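Right, one structure below, let's go through it.
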Ligand code: SAH
């Protein structure tokens, strides 16, 4: 399933071509783009477009609005959605409210093939990539349902964004478009487990987005056990690639570090990490692990996290502890989808 007929995936210039092929004037393209990216729910909303053209388009194309199948609201206002796509696959999306705005965490793939041992999203492997329009659809539907205008986007839901790079780049171009959602690149974060060749390609684009790297361990010995990708690109190669990325883009890199009890949370680990990142322009995000049913790994104790943070701080690095939003609603990725599937008696989708 490639979702080729989703109008949300189309840039104005592609809509122009489509209009041309239907014998329509060029200006219609922008009319459609605004309406589609604005979240038009049905063809009835296109009142200024001739009826015949509407029905011609409706025959072949979709408006790409995913359906809400589950919705969980946390005490802190975080909303987690399970959306159903046109082929029946489901993806998770999280809307988070902050004082300075509303952020949405979107999925980029149905499932994931990276195999990180602590992550619920990868347990059943990868089903397929999401199209650019399917990634946008999550934001538009969450926005419409919640009534909140989204001001920033994190590509940190299910999936590895750089394993679906072409569609993710087009998604960024679409949401960045002034006639569309008009969300600035600096309000977009992309999180990756560290596909070095893809990071090199991304560097060439010189985007102003924030790149987050899921590091989670300071040595190959520990990282190999947690993240299979480390066997392809070890910690040293990854950090060198990140240094080059910073050189090329001037954008400070964010490192994610899930604190796992007795695995990567020793003072030694903190000191090794501090040595590795010394002198780089970086920000470290410490996240107490969210336990998942399928894994025996447990989060570090709060005092261990504080001590770890202190060591990094003393070494001159910026480290913050991620505030846990929505922990009462399984807001960490993959868990809601898995529960829904097991309720429906499904396994590998
Ligand atoms: N594939 C991308 C983005 C998706 S995961 C990546 O690896 O970065 C988003 C973040 O959540 C990553 O940092 C990931 O390592 C982290 N994560 C996954 N499962 C987690 C868990 N159980 N507890 C804490 N963080 C987790």
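Numbering (the numbering used here), first residue to last: 4 to 352.
Heads up, the beta-carbon is just placed ideally off N, CA and C, and yes, glycines get one too.
Predicted model, so just to flag it, every value in this text is computed and none were measured.
| message | Quick test of your reading: residue 64 and residue 10, contact by CB under 8 Å. State the CB separation rounded to the nearest angstrom. | response | 5 Å
| field | Closer than 6 Å: residue 311 CB and nearest the ligand SAH heavy atom | value | no
| If you run the structure through DSSP and keep just helix, strand and coil, what is residue 126? | Here residue 126 sits in coil by DSSP.
| field | Separation of residue 62 from residue 191, as counted between CA atoms | value | 34 Å
| message | What would DSSP say about residue 286, mapped onto helix, strand or coil? | response | strand
| To the nearest angstrom, how far is it from the Cα of residue 58 to the Cα of residue 66? | 13 Å
| field | 4-residue-minimum alpha helix (DSSP H) runs that sit fully inside the segment 182-242, ordered along the chain | value | 199-208 and 223-229
| message | Do residue 121 and residue 300 count as a contact pair if the criterion is CB distance below 7 Å? | response | Yes, Cβ-Cβ distance for residue 300 and residue 121 is below 7 Å.
| Exposed or buried, what is residue 273 when buried is set at 16 or more other beta-carbons lying within 10 Å of its beta-carbon? | buried
| field | For residue 95 and residue 110, believed in contact at Cβ under 8 Å, the rounded distance | value | 6 Å
| message | Once the 5 residues before and after residue 13 are set aside, which same chain residues still bring their CB inside 8 Å of it? | response | 21, 36, 39 and 136
| said: Please classify residue 104 as buried or exposed, where buried requires at least 16 neighbouring CB atoms within 10 angstroms. | reply: exposed
| task | Given a cut-off of 7 Å, decide if residue 238 and residue 289 are closer than it, judged by their beta-carbon atoms. | result | no
| query | With C-beta atoms as the reference, is residue 262 less than 7 Å away from residue 196? | reply | no
| Under a three-way DSSP split, which group does residue 163 fall into? | coil
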